[in-house]
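Okay, structure first, notes after.
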Amino acid sequence: MDPMMQTLFGIVAVLLVLGGLAGAILPILPGLPMVFGGLLLAAWCDGFEHVGKVTIGVLTVLLLIGLVLDFVAGSLGAKKVGASPKAVLGATLGSVVGIFFGLPGLILGPFIGAVIGEIGARRSLDQAAASGVATWIGLLLGTVAKLALGLAMIGVFAFVWLI
């Protein structure tokens with residue numbers, strides 16, 4: 314591959330990985346798939362000389378674990394207190410809307426969305442608040458897990474690249 318193109322693809326790979334780490338926190342970006350895509354692109358740029366099939370397989374497993382965690386994290390917290398599916402949907406929508414309100418929106422959006430969802434499901438205010446808190450904790454733990462998995466993916470890649 315032309316060195317200029319290799320450098321260009323390398324820059325795109327780094328941007329994908331950095332964007333993916335941001336996406337592990339911001340629900341509007343597909344965080345772990347972006348990290349994986351950036352790492353795969355970096356391996357491809359190198360002709361898979363440093364990072365081979367086994368490492369790509371490990372990264373794929375970490376990606377799949379992260380996708381499953383992302384899907385079930387909020388639901389597990391909500392189910393713990395008997396939240397309705399509307400509370401989970403509300404928390405997810407609250408996360409997306411919260412992005413537009415900065416850090417307070419990212420913190421409060423899932424909680425407010427879950428509470429609104431529970432009220433929409435005709436639950437009591439106490440149940441709505443409990444569901445909001447549980448869903449928010451589930452989403453928070455899921456976010457931390459996604460960020461940790463993204464960093465683990467980078468760590469595995471870097472370790473294999475350097476040895």
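Heads up: the sequence shown begins at 314 in the working numbering, then just goes up one per residue. Glycine residues also receive a C-beta, built at the ideal position from the N, C-alpha and C atoms. These figures come from a predicted structure and were not determined experimentally.
Expected contact under 8 Å - CB spacing of residue i and residue j to nearest Å
i, j, result
"alanine 427", "alanine 396", "7 Å"
Contact under 8 Å by Cβ, residue i with residue j
i, j, result
"alanine 441", "isoleucine 432", "yes"
"lysine 459", "leucine 382", "yes"
"glycine 336", "leucine 328", "no"
"proline 300", "leucine 462", "In the structure as shown, the chain begins at 314 and stops at 476. Residue 300 is therefore absent and cannot be evaluated."
"lysine 399", "glycine 430", "yes"
Status (buried if at least 16 other CB within 10 Å, exposed otherwise) for residue i
i, result
"threonine 320", "exposed"
"glycine 351", "buried"
"alanine 326", "buried"
"leucine 353", "buried"
Option nearest residue i by Cα separation, candidates the options
i, options, result
"alanine 355", "Leu342, Met314, Gly379", "Met314"
"threonine 448", "Glu362, Ala335, Ile420", "Ile420"
"valine 401", "Ala443, Leu377, Lys366", "Ala443"
"leucine 345", "Ala434, Lys399, Gly379", "Gly379"
"threonine 456", "Phe414, Gly360, Leu339, Ile467", "Leu339"
Please determine if the segment 371-386 and the segment 398-409 are in contact, where contact requires at least 3 C-beta pairs separated by less than 8 Å.
-> no
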